[in-house]
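First up is the structure itself, then whatever we jot down about it.
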Amino acid sequence: MMYDVIVVGGGCAGGSAAVFLAKAGLKTLVLDNDKGQTRRAWIDNHYGLADGVAGPDLVEAGKRQAERLGAEWHIAQVTAVAPLPDGFAVKTEDGQEFQGKQVLLATGAAMSLAEALNLEFTDGREARYPRVVKVDIDGRTSIPGVWAAGILAGVSAHTIITAGHGAHVAVGLISELEGKRHVQHDVLGK
Ligand SMILES: Cc1cc2nc3c(=O)[nH]c(=O)nc-3n(C[C@H](O)[C@H](O)[C@H](O)COP(=O)(O)OP(=O)(O)OC[C@H]3O[C@@H](n4cnc5c(N)ncnc54)[C@H](O)[C@@H]3O)c2cc1C
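Be aware that the sequence shown starts at 0, since it is given in numbering that gives the first Met the number 0, and climbs by one per residue.
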């Protein structure tokens, strides 16, 4: 099975990206080890969540939303991402290998996969993340077919921003595949 996109990391950035990718009809797989930092957060500043939200509930809701829209979600520790002639092989600690035409890395503060891929890095803007993956305006990295979103790509470490960036990068990826700017709007009452 060749997925259209494999998303590594199911926190705010990866989960939000998977929502857009799956809703656009792309065969999307999320691999996440369930150890994200958001699971330790109480979040009062996420726009639209009037009463605040516990981090684990936000991440869980994102997972359910992505799955409802057609994404596959596996709890797994990704150990390697390797180029193939027609995409990438993504290997997990339990010995599985998944294949995808494109890979979207959203591993938060965990930079080791990106380093192992020799992606280009740049200076981060937050003291906690001094080096981040260099991306273009749409989230493309220095390797064609590998995209990066969220903290890993140097955006501000806040749920609304990393979730927004995950969606933004997904729109960039979908737009590249569709050859025109992708818009994903639904109308109330339909
Ligand atoms: C204690 C605390 C309080 C916070 N409070 C707030 C707040 O009040 N408001 C706010 O806006 N933000 C808050 N944040 C920040 C917020 O949680 C993060 O900035 C943001 O959500 C990061 O999103 P992300 O998707 O980039 O990374 P993450 O949410 O960390 O997601 C990355 C995911 O990738 C997974 N992963 C990494 N490597 C691998 C691998 N090799 N294989 C498989 N999976 C992998 C991780 O386990 C994780 O699930 C807080 C953070 C902490 C730690």
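For glycine and all other residues, C-beta sits at the position ideal for the given N, C-alpha and C.
Check: Round the Cβ separation of residue 5 and residue 25 to the nearest angstrom and send it over; I've been treating them as touching at under 8 Å.; Outcome: Going by Cβ atoms, the distance from residue 5 to residue 25 rounds to 11 Å, so no, they are not a contact pair.
Check: Hey, residue 105 and residue 70 are a contact pair by Cβ (cut 8 Å); roughly how many whole angstroms apart?; Outcome: Residue 105 to residue 70, Cβ: 13 Å. No contact.
Check: Are three or more beta carbon pairs between the stretch 101-121 and the stretch 145-152 nearer than 8 Å?; Outcome: yes
Check: Take residue 53 and list the residues in its own chain whose beta-carbon comes closer than 7 Å to its own, dropping the five residues that flank it on each side.; Outcome: 41
Check: Please name the residue in 1, 8, 9 and 23 whose C-alpha comes closest to that of residue 174.; Outcome: 23
Check: Cβ-heavy atom distance between residue 180 and ligand 1 below 7 Å?; Outcome: no
Check: Consult DSSP for residue 137 and reduce its assignment to one of helix, strand or coil.; Outcome: coil
Check: With distances taken Cα to Cα, identify the nearest neighbour of residue 86 among 156, 96 and 92.; Outcome: 96
Check: Report yes or no: do the stretch 122-133 and the stretch 147-160 share at least 3 C-beta pairs separated by less than 8 Å?; Outcome: yes
Check: Just the Cα atoms here: how many angstroms apart are residue 133 and residue 50?; Outcome: 35 Å
Check: Tell whether a beta-carbon distance below 8 Å holds between residue 76 and residue 92.; Outcome: yes
Check: Shorter than 7 Å, the distance from the beta carbon of residue 34 to the closest heavy atom of ligand 1, or not?; Outcome: yes
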